[in-house]
DNA sequence: GTGAAAGCGCTAACAG
DNA sequence: CTGTTAGCGCTTTCAC
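Protein chains in written order, with the numbering used here: chain A, 1 to 334; chain B, 1001 to 1334.
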């Protein structure tokens, strides 16, 4: 592998000049520029990222911190992030935090000593203290789905509260007379917002009761267990709003095992709009977030921040969309 | 952030000595070692990976090249890789190749200039030429699921051929009289091996016909289309072996749409053992690969190779396991 | 056992 | 416009 020195020698210029044409920084004569470029592809020279990184203290790398990449929601987010990052010349370092603070912490120190340019946070355990720490360490970050109370950082999220209301209203519209809710971890702001959206509407109904809500841990198994529990408490439930699609899938499974007919006896609505919600039979009605677009926007914002582009807006809230499917409404003709 | 110099100064030694205790290389007096360590945590010194990387030409980073991280199979592989890598102090750089050679190529040059220590390849487009190139560039790689004809590199895979036979035999055992096969991309060796496994058994049967095989592209949609096509050609099909679970899910969906009763009229078996196969109703019988373990082993092998540990065995083939579920056998009592 | 010093390959003043 | 040179922070001979 040839170095910038070789190029300089071959082109008969100094390394500074080569560096200039490489980074399009400073003025350089058209002629010499051509000569340098010629030397570059004659030698098949490729600038060394690490050396550059050491000099400028940035490695053109973005870290993606998710609870677990094998969760399809985060996998899609990751795909979006990598797609965008690549087009800007950045690489993605993958971090699975399992929502554990100490893991998260160890990732952060690891990332700092690697000179990552910025961090994309999509975990629920990020503390305000961490945000401030990153800010003072001067390392840009964008947070997905979580709004830290203070600390300057971009936040990309979707309208969880509105979406939840949309879901419950839809179930109501479809004739449900008693709607339960399966919520996610208390620590996840998204989960709480969806719960609040549910309550906002449910509380106006005469059937409302706190015992209509159960924890489903944002995963399939939890969704199954929550349904079992809820139906034991309230055998007359005829509508369920699950805080995410994973739990909705679990709920559907459990309902089918219990011999319930969906959507006839019980209607079900999820949240997220991941592919999973379409592979069951019936398919699951859901509140879809534009997951890919959220990941893409977050990445673009992060890169802008890294490259010093000033942006006025700090908060980005995506609209969600109700996608009606077989779990809440029979198609005509069936 | 303090540097190795600061530590040296505070401990009253030279940077060389600090480096020695840091890397446990060369002799160093117990006393001075203690002094150095004291200085280190007094200053909260953290060695800089980039500077180290430039000096030794390795960044303690592993690249993971997959077709698409949002495919659950690769997401699980990715999770395994990251888990293992982290325990050894390595980071994972994520690359989505979409099975496109030029993308793959551009990733490779990008990775080289970043001094990645090794590459984990889980894509079907890796050419022998690439393997040789990596070998001559002296960058270790481990290949998942694909066996390049030549070139030295570790290969981790599972018994696709045997697994396919297992699947077909199981369908036969359950009484199927005409079994179709949905296969994946010709370019994917795994897909071809599974197809061969299918043919090996099917050809012995009097119902065998090449028209019983259809391409499903290893994805859900392809699975749906393949089923539609197959059933048009052969309305009397009563068993389907799908080359992966994604296609099996699609197949199930299409079958249900066509009003077929599973497993009564048609029995269905997939391949891979991803979580998806358990969320449908009925759950899908499948040939499970130990995905996480494969990813974990591949990563461990790669790290050993990186760290110069000699290993005799080059090929690792995992056993697969038939997991019987509702798509091929009714539980007693139903 | 320990230190001095020469890199690793590139950037960025600072002169000219 | 272009070259010189001093780093970036760490590793690694080679002496002592």
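Even glycine gets a Cβ: it sits at the ideal position worked out from N, Cα and C.
Q. Is DSSP giving residue 136 of chain A helix, strand or coil here?
A. Position 136 of the first chain, counted from the start, is the residue given in the question as residue 136 of chain A. In this structure, residue 136 of chain A counts as helix in the three-state DSSP scheme.
Q. So which of B:1113, B:1084, B:1016, B:1107 has the shortest CA-CA distance to residue 1050 of chain B?
A. One-based indexing of the second chain puts residue 1050 of chain B at position 50. Ranking B:1113, B:1084, B:1016, B:1107 by Cα distance to residue 1050 of chain B puts B:1113 first.
Q: Show which residues of chain A have a CB atom less than 8 Å away from the CB atom of residue 1076 of chain B.
A: Locating residue 1076 of chain B in the second chain gives position 76, counting from the first residue. Neighbours of residue 1076 of chain B on chain A, chain order: 70.
Q: Anything in the segment 229-258 of chain A with a Cβ closer than 7 Å to a Cβ of chain B? List those residues in chain order, please.
A: 249, 253, 256
Q: Using a threshold of 8 Å, state whether the C-beta atoms of residue 1021 of chain B and residue 1015 of chain B are closer than that.
A: Residue 1021 of chain B sits at position 21 when you count from the first residue of the second chain. Residue 1015 of chain B sits at position 15 when you count from the first residue of the second chain. Judged by their CB atoms, residue 1021 of chain B and residue 1015 of chain B are not nearer to each other than the 8 Å cut-off.
Q | chain A contacts from the segment 1086-1105 of chain B (Cβ-Cβ distance under 7 Å) | A | 1091, 1092, 1093, 1094, 1096
Q.
What would DSSP say about residue 242 of chain A, mapped onto helix, strand or coil?
A. Residue 242 of chain A sits at position 242 when you count from the first residue of the first chain. Residue 242 of chain A: strand per DSSP, three-state reduction.
Q: Quick one: list the residues of chain B neighbouring residue 189 of chain A, beta-carbon separation under 8 Å, in chain order.
A: Looking up residue 189 of chain A in the first chain gives position 189. Per Cβ cutoff of 8 Å: no residues; residue 189 of chain A is ~24 Å from chain B at best.
(Q) Can you check which of these residues, B:1116, B:1034, B:1007, B:1280, is closest to residue 250 of chain A by C-alpha distance? (A) Numbered from 1 along the first chain, position 250 holds the residue referred to as residue 250 of chain A. When each option's Cα is compared against that of residue 250 of chain A, the closest is B:1280.
Q: Please work out which residues of its chain come closer than 6 Å, Cβ to Cβ, to residue 1270 of chain B, disregarding the five sequence neighbours upstream and downstream, and give them in chain order.
A: On the second chain, residue 1270 of chain B is found 270 positions in, with the first residue counted as 1. Residues 1242, 1245, 1248, 1277, 1284, 1286 of the same chain have their beta carbon placed closer than 6 Å to that of residue 1270 of chain B, with the five preceding and five following residues left out of the count.
Q: Examine chain B for any beta-carbon lying closer than 8 Å to the beta-carbon of residue 334 of chain A, and answer yes or no.
A: The sequence position of residue 334 of chain A within the first chain is 334, counting from 1. Note that residue 334 of chain A scores a pLDDT of 46, beneath 50, so its modelled location is shaky; the value from the coordinates is reported in the next line. With 8 Å as the cut-off, residue 334 of chain A does not count as an interface residue toward chain B.
(Q) Am I right that residue 1320 of chain B and residue 1162 of chain B are in contact with their C-beta atoms under 8 Å? What's the rounded C-beta distance? (A) Position 320 of the second chain, counted from the first residue, corresponds to residue 1320 of chain B. Position 162 of the second chain, counted from the first residue, corresponds to residue 1162 of chain B. In this structure residue 1320 of chain B is in contact with residue 1162 of chain B, their Cβ atoms being roughly 7 Å apart against a cut-off of 8 Å.
Q) What does residue 54 of chain A reach in chain B if we use C-beta pairs closer than 9 Å? A) Indexing the first chain from 1 puts residue 54 of chain A at position 54. Here the neighbours are 1048, 1050, 1051, 1053, 1054.
Q.
For residue 1325 of chain B and residue 217 of chain A, I'd like the C-alpha separation in whole angstroms.
A. To locate residue 1325 of chain B, count along the second chain from 1; it is residue 325. To locate residue 217 of chain A, count along the first chain from 1; it is residue 217. Each residue's Cα considered, the two are about 26 Å apart.
Q | Residues near residue 333 of chain A by beta carbon distance below 8 Å, same chain, minus five either side | A | Position 333 of the first chain holds residue 333 of chain A. Because the pLDDT at residue 333 of chain A is just 46, under 50, the model does not fix this residue reliably, and the point stays unresolved.
Q.
Check whether the segment 1122-1140 of chain B and the segment 1060-1075 of chain B touch, using three or more Cβ-Cβ pairs below 8 Å as the test.
A. Contact holds: three or more Cβ-Cβ distances are below 8 Å.
Q | C-alpha distance - residue 1186 of chain B paired with residue 254 of chain A, whole-angstrom precision | A | As a working mapping, residue 1186 of chain B is identified with position 186 in the second chain. As a working mapping, residue 254 of chain A is identified with position 254 in the first chain. Rounded to whole angstroms, residue 1186 of chain B to residue 254 of chain A spans 38 Å at the Cα level.
Q) For residue 1280 of chain B, which residues in chain A fall below 8 Å Cβ to Cβ? A) The sequence position of residue 1280 of chain B within the second chain is 280, counting from 1. The contacting residues are 279, 280, 281.
(Q) Going by C-alpha to C-alpha distance, which of B:1111, B:1048, B:1038 sits closest to residue 1003 of chain B? (A) On the second chain, residue 1003 of chain B is found 3 positions in, with the first residue counted as 1. Nearest C-alpha to residue 1003 of chain B among B:1111, B:1048, B:1038: B:1048.
Q: Answer yes if the segment 196-205 of chain A comes into contact with the segment 255-270 of chain A, meaning at least three C-beta pairs across the two stretches below 8 Å, and no otherwise.
A: no
Q: Check whether the Cβ of residue 1027 of chain B lies closer than 8 Å to any Cβ atom in chain A.
A: Here the question's residue 1027 of chain B lines up with position 27 in the second chain. No, because no Cβ of chain A sits closer than 8 Å to the Cβ of residue 1027 of chain B.
Q | Alpha-carbon spacing of residue 1179 of chain B relative to residue 1225 of chain B, whole angstroms | A | By one-based count along the second chain, residue 1179 of chain B stands at place 179. By one-based count along the second chain, residue 1225 of chain B stands at place 225. Spanning the two alpha carbons is a distance of roughly 17 Å.
Q) Hey, how far is the Cα of residue 69 of chain A from the Cα of residue 1072 of chain B? A) Translated into the one-based positions of the first chain, residue 69 of chain A becomes position 69. Translated into the one-based positions of the second chain, residue 1072 of chain B becomes position 72. Looking at the two C-alpha atoms, the distance is approximately 9 Å.
Q: Verify whether the separation of the beta carbon atoms of residue 91 of chain A and residue 1306 of chain B is less than 8 Å.
A: For the purposes of this step, residue 91 of chain A is identified with residue 91 of the first chain, where counting begins at 1. For the purposes of this step, residue 1306 of chain B is identified with residue 306 of the second chain, where counting begins at 1. No, the pair does not count as a contact, with Cβ atoms beyond the cut-off.
Q) Looking at the C-beta of residue 1042 of chain B, does it have a partner C-beta in chain A at a distance below 8 Å? A) As a position in the second chain, residue 1042 of chain B is number 42, starting the count at 1. Answer no: the Cβ-Cβ gap between residue 1042 of chain B and chain A never drops below 8 Å.
(Q) If distances are taken between C-alpha atoms only, which option among A:196, A:145, A:294, A:207 comes closest to residue 79 of chain A? (A) Within the first chain, residue 79 of chain A is the residue found at index 79, counting from 1. Out of A:196, A:145, A:294, A:207, A:294 has the C-alpha closest to the C-alpha of residue 79 of chain A.
(Q) Tell me whether residue 1067 of chain B, by its Cβ, gets closer than 7 Å to a heavy atom of the ligand ZN. (A) For the ligand ZN, the structure offers nothing, since it holds no ligand at all.
Q | Three-state secondary structure (DSSP) of residue 334 of chain A | A | Here residue 334 of chain A is taken as the residue at index 334 of the first chain, counted from 1. Bear in mind that the predicted position of residue 334 of chain A carries a pLDDT of just 46, short of 50, making it unreliable; the figure below should be weighed with that in mind. It is coil, neither helix nor strand.
Q: Give me the Cα-Cα distance between residue 221 of chain A and residue 1273 of chain B, rounded to the nearest whole angstrom.
A: What you label residue 221 of chain A is simply residue 221 of the first chain in a count that begins at 1. What you label residue 1273 of chain B is simply residue 273 of the second chain in a count that begins at 1. Rounded to whole angstroms, residue 221 of chain A to residue 1273 of chain B spans 17 Å at the Cα level.
Q. Which residues in the same chain have their Cβ closer than 6 Å to the Cβ of residue 1189 of chain B, if we skip the five residues on either side of it in sequence?
A. Along the second chain, read from residue 1 onward, the residue named residue 1189 of chain B stands at position 189. Cβ within range, chain order: 1146.
Q | Exposure label - residue 1056 of chain B; buried when at least 16 CB within 10 Å | A | Residue 1056 of chain B sits at position 56 when you count from the first residue of the second chain. Label assigned to residue 1056 of chain B: exposed.
Q. Can you name the start and end residues of the beta strand (DSSP E) that residue 120 of chain A belongs to?
A. Along the first chain, read from residue 1 onward, the residue named residue 120 of chain A stands at position 120. Counting along the chain, the unbroken beta strand (DSSP E) around residue 120 of chain A starts and ends at 118-121.
Q: Run down chain A in chain order and give the residues with a C-beta less than 7 Å from the C-beta of residue 1115 of chain B.
A: Here residue 1115 of chain B refers to the residue found at position 115 when the second chain is read from its first residue. Those are 50, listed as they occur along chain A.
Q. So which of B:1118, B:1313, B:1184, B:1194 has the shortest CA-CA distance to residue 1059 of chain B?
A. One-based indexing of the second chain puts residue 1059 of chain B at position 59. Cα-wise, what sits closest to residue 1059 of chain B is B:1118.
Q) Who are the Cβ neighbours of residue 160 of chain A in its own chain at under 7 Å, not counting the five residues just before and after it? A) Taking the first chain and counting its residues from 1, the one referred to as residue 160 of chain A is at position 160. Taken in chain order, the residues that qualify are 190, 193, 194, 197.
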